[in-house]
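**Q** Chains as they are written, first to last, in the numbering used here: chain S, 65 to 179; chain W, 399 to 931.
For every residue, glycine included, the Cβ atom is placed at its ideal position computed from N, Cα and C.
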Amino acid sequence: MPIMIEELADGVTKIVLSGRIDVAGSAEIDMPMSEVGTSRRAVIVDLSGVTFMASLGLRSIVLAGKAVMRSGGALVLFSPQPAVEEVITVSGIDELFPVCRDEASAISALRSSPG
Amino acid sequence: MNLTSTLGALLAGLGLFFIGVRGLSANLVPLAGRRARAAFAAAMRGPVSIAFSGMAAGLLTQSSIAVSWIVLGFVRAGVLAEGPAFMAPTWSNVGAALLPLLVAVNTDLAAEFVIGMVGFAIYFRLDRTDRLRHGLEAALGAAMLLFGMHIVAGLVGQLRETMTQDHLLLLAQHAPWLLALIGAGLALATQSSSVAAALSVAMVSAGLLAVPGALPMIAGANIASVLTNLARLRVEGIPGRIVFTLQAVQKLAGSLLLAAAVAAVALMPGEFTAGRWFGMAGGAQIAVLFMLAQLAGGLVTAGVSRPVAGVVRRLTPADEAGSLSKPEFLLNEALSDPTAALDLAMRELARLAARLPLLLEHVRAEPAPAVPSAKNLRNAGNALSAAITEYLTGLLDHQPHRDALGTALLLQSAAGNAGALHEALAAIAEAAPEATGLPTAGRLIEALHALMSVVADYAQSQGAEDPDFVLDLLGSRDRLMEELRNRLTQTGSATPGMLDALFRMTILFERVLWLAGRLVVEIRQAHRALADG
């Protein structure tokens with residue numbers, strides 16, 4: 065399963081993605097990401113285990129993040145591998161959702177976000 | 399005057415003639431403005447009105463190609479239904495065949511007066527509006543055409559003497575195949591059998607050729623038109639193939655009539671000498687025969703148009719681009735209700751924008767199956783964009799109130815941007831395979847595909863959603879792309895071809911984001927205007 069969801073302290077939800085988020089991977093993460101997006105207000109996404117991110121995976125992140133933002137919350141990404149970071153930067157997703165080095169700075173970014 | 403200067407003057411006369419033909423057609427087509435086009439479309443209700451409308455359009459534009467594009471444009475825009483209207487370009491060949499008749503009439507004096515008057519009008523800047531300028535330039539084109547023929551005719555006497563001395567004319571007169579080849583060559587070079595026929599008429603009027611010599615020339619020109627029409631089939635969808643096949647059938651039938659005339663003249667040479675045919679001069683005989691060939695060809699084609707269209711449809715492989723370029727929402731009947739028409743145009747625009755991510759599908763890491771090629775999507779996208787623009791032009795012709803007018807212009811601009819996005823994305827898809835060895839190229843494609851999916855989603859909402867989120871994603875990447883390019887130049891393993899392809903992709907990427915941003919803003923503004931209206 066390329067997705068795991070953990071509840072952290074202070075209402076923070078951590079999504080851990082792993083492996084190839086390709087067509088098959090995206091199909092598996094789509095629904096859980098959507099559920100988190102519509103029900104949580106503070107979300108961090110661990111990308112350290114993701115080796116490939118296809119367009120559909122980016123789309124899942126964008127839609128989940130959009131839903132979180134709509135309810136006044138925030139979503140932060142952290143620890144992407146260089147190849148995944150490049151696709152996130154080129155797609156401009158980092159303009160909407162901050163990309164941090166590690167989990168601690170992601171939680172910190174979440175606290176300082178306007179949402 | 400020696401042979402060289404005679405040939406020089408002859409060349410000048412022919413040059414003036416060709417400039418005149420082009421000037422006439424180039425200025426008459428824009429003169430046939432929106433209203434004339436709308437009237438043309440409205441007139442095509444039955445076979446007879448289609449025939450007369452087609453002839454009038456051919457006469458006015460002097461170009462069956464222009465008429466073909468106009469009719470195909472109407473069909474693609476949903477203004478005209480497929481079927482009987484496809485005969486209009488065939489009939490336009492009859493109208494265009496009036497050009498040789500015009501040359502057959504001695505209009506030198508009229509040409510001189512027209513050139514004089516147009517010259518004065520241009521010098522004293524009377525061509526203030528576009529319409530007046532096109533009108534004057536069309537008149538100048540017609541006059542130059544006739545004046546060019548006048549020069550040619552004046553030189554022919556000397557040329558005939560020289561050619562007779564050198565036995566060239568005698569050789570040509572007795573070699574109908576050579577004359578047919580000359581006629582075919584002229585038609586292929588000018589892309590118009592009427593122009594070749596007009597030259598034949600001028601040669602007969604000036605005594606350079608007799609009627610029996612000119613007949614193979616116009617027959618050759620007509621046969622060449624069969625070939626030029628067939629050559630267009632290669633690049634056309636089903637409607638275009640039907641239109642050009644019908645014209646090829648017309649030209650073939652007309653050519654058979656002309657071939658019969660060539661045979662008749664060979665068997666009974668005395669019957670076709672000047673002055674024997676209803677008192678007509680030789681040039682007029684050729685002009686009338688050419689027009690009769692178009693008319694007879696048109697009648698034959700009208701009789702077989704349905705089976706011919708059926709055969710074309712059966713023989714044409716599934717026309718993916720054709721069906722993709724067909725509007726689904728643009729109902730002509732709604733044009734009298736601006737609100738309904740604008741709503742339909744918005745739906746069609748959303749349908750067009752929904753295809754944006756598909757243009758990159760075949761160059762993604764894991765392409766989805768059964769997606770049309772980027773080339774087909776681009777062609778269909780351009781056609782659909784043009785159809786939306788044309789539909790909204792039709793709405794503007796109904797002179798809607800100011801708010802509807804503003805919304806129509808916004809949607810026209812958005813349709814243009816959607817078409818330009820199709821072009822840019824197809825260009826990226828074309829460049830991507832050359833940069834396959836560079837991982838960054840793949841990431842660029844995945845990122846752009848995700849962005850276009852977001853834009854497509856926004857278009858599906860028809861502007862109802864807040865655009866800020868999408869616009870933030872579409873922010874400028876100038877600096878990022880510049881950094882990417884600088885980094886790539888230091889990559890040792892990339893070939894110059896790969897680097898060049900990736901450079902092109904980064905530049906196109908920036909253009910796509912800019913166009914997509916404008917599209918989103920225009921859809922939003924159009925949505926607001928429609929909601930307020």
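Just checking, does the stretch 72-89 of chain S make contact with the stretch 106-121 of chain S on the three C-beta pairs under 8 Å criterion?
**A** These segments touch.
**Q** Between which two residues does the alpha helix (DSSP H) holding S/Glu-71 run?
**A** Counting from 1 along the first sequence, the entry for residue 71 of chain S is found at position 7. That residue, S/Glu-71, is in no alpha helix (DSSP H); its beta strand (DSSP E) goes 67-71.
**Q** When burial is assigned at 16 or more other CB atoms within 10 Å of the CB, is W/Pro-770 buried or exposed?
**A** On the second sequence, residue 770 of chain W is found 372 positions in, with the first residue counted as 1. Buried.
**Q** When the Cα of W/Ala-585 is compared with those of W/Ala-622, W/Ala-608 and W/Thr-488, which residue comes out closest?
**A** If you number the second sequence from 1, residue 585 of chain W lands on position 187. Cα-wise, what sits closest to W/Ala-585 is W/Ala-622.
**Q** Cβ of S/Ile-93 versus every heavy atom of the ligand NAP: is any distance shorter than 7 Å?
**A** Absence of the ligand NAP from the depicted structure is noted, as is the absence of any ligand whatsoever, leaving it without description.
**Q** By DSSP's criteria, W/Phe-375 is part of a beta bridge. Which residues make up the other side?
**A** This structure cannot settle anything about residue 375 of chain W, because the visible part of chain W is limited to 399 through 931.
**Q** Residues of the stretch 857-873 of chain W with a CB closer than 8 Å to any CB of chain S: list them in chain order, please.
**A** Answer in chain order: Phe-867, Asp-870, Leu-871, Leu-872 and Gly-873.
**Q** For W/Ser-598, tell me which candidate among W/Met-542, W/Leu-544, W/Ala-685 and W/Pro-574 has the shortest Cα-Cα distance.
**A** The sequence position of residue 598 of chain W within the second sequence is 200, counting from 1. With distances taken between Cα atoms, W/Ser-598 lies closest to W/Ala-685.
**Q** What's the C-alpha gap between S/Ser-98 and W/Glu-480?
**A** Your numbering for residue 98 of chain S matches position 34 in the first sequence. Your numbering for residue 480 of chain W matches position 82 in the second sequence. Using only the alpha carbons, I get a separation of about 46 Å.
**Q** For W/Met-666, name the three-state secondary structure that DSSP assigns.
**A** As a first step, residue 666 of chain W is located in the second sequence; it is residue number 268 there, counting from the start. Residue state, collapsed to three classes: coil.
**Q** Which residues bound the beta strand (DSSP E) around S/Ala-106?
**A** In the first sequence, counting from the first residue as 1, residue 106 of chain S sits at position 42. S/Ala-106 -> beta strand (DSSP E) spans 106-117.
**Q** Evaluate the contact criterion for the stretch 825-838 of chain W versus the stretch 867-876 of chain W: three or more CB pairs, one atom per stretch, below 8 Å.
**A** Not touching, per the Cβ criterion.
**Q** Can you tell me the Cβ-Cβ gap for W/Ile-843 and W/Ala-830, rounded? I've got them flagged as a contact below 8 Å.
**A** Taking the first residue of the second sequence as 1, we reach residue 843 of chain W at position 445. Taking the first residue of the second sequence as 1, we reach residue 830 of chain W at position 432. Contact flag correct, Cβ pair sits at about 6 Å.
**Q** On the CB-based measure, 16 or more other CB atoms within 10 Å of its CB, does W/Phe-933 come out buried or exposed?
**A** Lying outside 399 to 931, the shown extent of chain W, residue 933 of chain W is not represented and no answer is given.
**Q** Please state whether DSSP places W/Arg-443 in a helix, a strand or coil.
**A** Locating residue 443 of chain W in the second sequence gives position 45, where the first residue counts as 1. Note: W/Arg-443 maps to coil in three-state DSSP.
**Q** Hey, would you say W/Leu-803 sits closer than 8 Å to W/Leu-794, going by beta carbons?
**A** Stepping through the second sequence from its first residue, residue 803 of chain W is reached at position 405. Stepping through the second sequence from its first residue, residue 794 of chain W is reached at position 396. Cβ atoms of W/Leu-803 and W/Leu-794: closer than 8 Å.
**Q** Could you tell me if W/Glu-759 is buried or exposed, where buried requires 16 or more neighbouring beta carbons within 10 angstroms of its beta carbon?
**A** By one-based count along the second sequence, residue 759 of chain W stands at place 361. W/Glu-759 comes out buried.
**Q** Going by C-alpha to C-alpha distance, which of W/Met-547, W/Thr-459, W/Ala-748 and W/Gly-720 sits closest to W/Gly-605?
**A** Stepping through the second sequence from its first residue, residue 605 of chain W is reached at position 207. Nearest of W/Met-547, W/Thr-459, W/Ala-748 and W/Gly-720 to W/Gly-605, Cα basis: W/Met-547.
**Q** Report the neighbours of W/Pro-770 on chain S: residues whose CB is nearer than 7 Å to its CB, in chain order.
**A** Stepping through the second sequence from its first residue, residue 770 of chain W is reached at position 372. Within chain S, no residue comes near W/Pro-770; the closest Cβ sits about 18 Å away, beyond 7 Å.
**Q** When the Cα of W/Gln-460 is compared with those of W/Asn-815, W/Arg-916, W/Trp-489 and W/Ile-616, which residue comes out closest?
**A** Taking the second sequence and counting its residues from 1, the one referred to as residue 460 of chain W is at position 62. W/Gln-460 has its Cα closest to that of W/Trp-489, out of W/Asn-815, W/Arg-916, W/Trp-489 and W/Ile-616.
**Q** Write down the C-beta distance between W/Gly-517 and W/Gly-418 rounded to the nearest angstrom, noting that I regard them as a contact closer than 8 Å.
**A** Reading the second sequence from its first residue, position 119 is the one you call residue 517 of chain W. Reading the second sequence from its first residue, position 20 is the one you call residue 418 of chain W. That pair is no contact at about 15 Å.
**Q** Sort W/Val-473, W/Pro-482, W/Val-465 and W/Phe-511 by Cα distance to W/Val-493 and report the nearest one.
**A** Here residue 493 of chain W refers to the residue found at position 95 when the second sequence is read from its first residue. The identity of residue 493 of chain W in the sequence shown is Gly, whereas the question assumes Val. For the residues W/Val-473, W/Pro-482, W/Val-465 and W/Phe-511, the minimum Cα distance to W/Gly-493 belongs to W/Val-465.
**Q** Taking the C-alpha atoms as reference points, what is the distance between W/Leu-458 and W/Ala-600?
**A** As a position in the second sequence, residue 458 of chain W is number 60, starting the count at 1. As a position in the second sequence, residue 600 of chain W is number 202, starting the count at 1. One C-alpha to the other measures close to 21 Å.
**Q** Between S/Gly-136 and chain W, is any beta-carbon pair separated by less than 8 Å?
**A** Taking the first residue of the first sequence as 1, we reach residue 136 of chain S at position 72. With 8 Å as the cut-off, S/Gly-136 does not count as an interface residue toward chain W.
**Q** Determine the DSSP secondary structure at S/Thr-77, reduced to helix, strand or coil.
**A** Here residue 77 of chain S corresponds to residue number 13 of the first sequence, with the count starting at 1. Looking at S/Thr-77 - three-state DSSP - the assignment turns out to be strand.
**Q** Could you tell me how far apart the beta carbons of W/Val-919 and W/Leu-846 are, in whole angstroms, since I believe they sit closer than 8 Å?
**A** Looking up residue 919 of chain W in the second sequence gives position 521. Looking up residue 846 of chain W in the second sequence gives position 448. 19 Å between Cβ atoms; not a contact.
**Q** Answer with buried or exposed for W/Leu-849, where buried requires no fewer than 16 other C-beta atoms within 10 angstroms of its C-beta.
**A** Numbered from its first residue, the second sequence carries residue 849 of chain W at position 451. Buried: at least 16 other Cβ atoms inside 10 Å.
**Q** Which partner residues of S/Phe-142 appear in the DSSP bridge assignment?
**A** Here the question's residue 142 of chain S lines up with position 78 in the first sequence. Paired residues: S/Asp-110 and S/Cys-164.
**Q** When you compare the CB of S/Asp-86 with every CB in chain W, is at least one pair closer than 8 Å?
**A** Sequence index remark: in the first sequence, residue 86 of chain S carries index 22 (1-based). Yes, its Cβ sits closer than 8 Å to a Cβ of chain W.
**Q** Taking C-beta to C-beta, are S/Gly-121 and S/Gly-89 nearer than 8 Å?
**A** Position 57 of the first sequence, counted from the first residue, corresponds to residue 121 of chain S. Position 25 of the first sequence, counted from the first residue, corresponds to residue 89 of chain S. In this structure, S/Gly-89 lies closer than 8 Å to S/Gly-121 by Cβ.
**Q** To the nearest whole angstrom, what separates the beta carbons of W/Gly-779 and W/Ala-816, a pair I think is in contact under 8 Å?
**A** In the second sequence, counting from the first residue as 1, residue 779 of chain W sits at position 381. In the second sequence, counting from the first residue as 1, residue 816 of chain W sits at position 418. Confirmed, about 7 Å.
**Q** Restricting to Cα atoms, I'd like to know which of W/Pro-614, W/Ile-549, W/Gln-589 and W/Ala-587 is closest to W/Ala-578.
**A** Stepping through the second sequence from its first residue, residue 578 of chain W is reached at position 180. It is W/Pro-614.
**Q** Could you tell me the distance, in whole angstroms, from the CA atom of W/Arg-630 to the CA atom of W/Ile-636?
**A** One-based indexing of the second sequence puts residue 630 of chain W at position 232. One-based indexing of the second sequence puts residue 636 of chain W at position 238. If you take the alpha carbons of W/Arg-630 and W/Ile-636, they lie about 12 Å apart.
**Q** Can you check whether the C-beta of W/Ala-854 is within less than 8 Å of a C-beta belonging to chain S?
**A** Taking the first residue of the second sequence as 1, we reach residue 854 of chain W at position 456. With 8 Å as the cut-off, W/Ala-854 does not count as an interface residue toward chain S.
**Q** To the nearest whole angstrom, what separates the beta carbons of W/Pro-482 and W/Ile-448, a pair I think is in contact under 8 Å?
**A** Here residue 482 of chain W refers to the residue found at position 84 of the second sequence. Here residue 448 of chain W refers to the residue found at position 50 of the second sequence. Contact flag correct, Cβ pair sits at about 6 Å.
**Q** Which of helix, strand or coil does DSSP assign to W/Gly-418?
**A** Within the second sequence, the letter at position 20 stands for residue 418 of chain W. Correct three-state label for W/Gly-418: helix.
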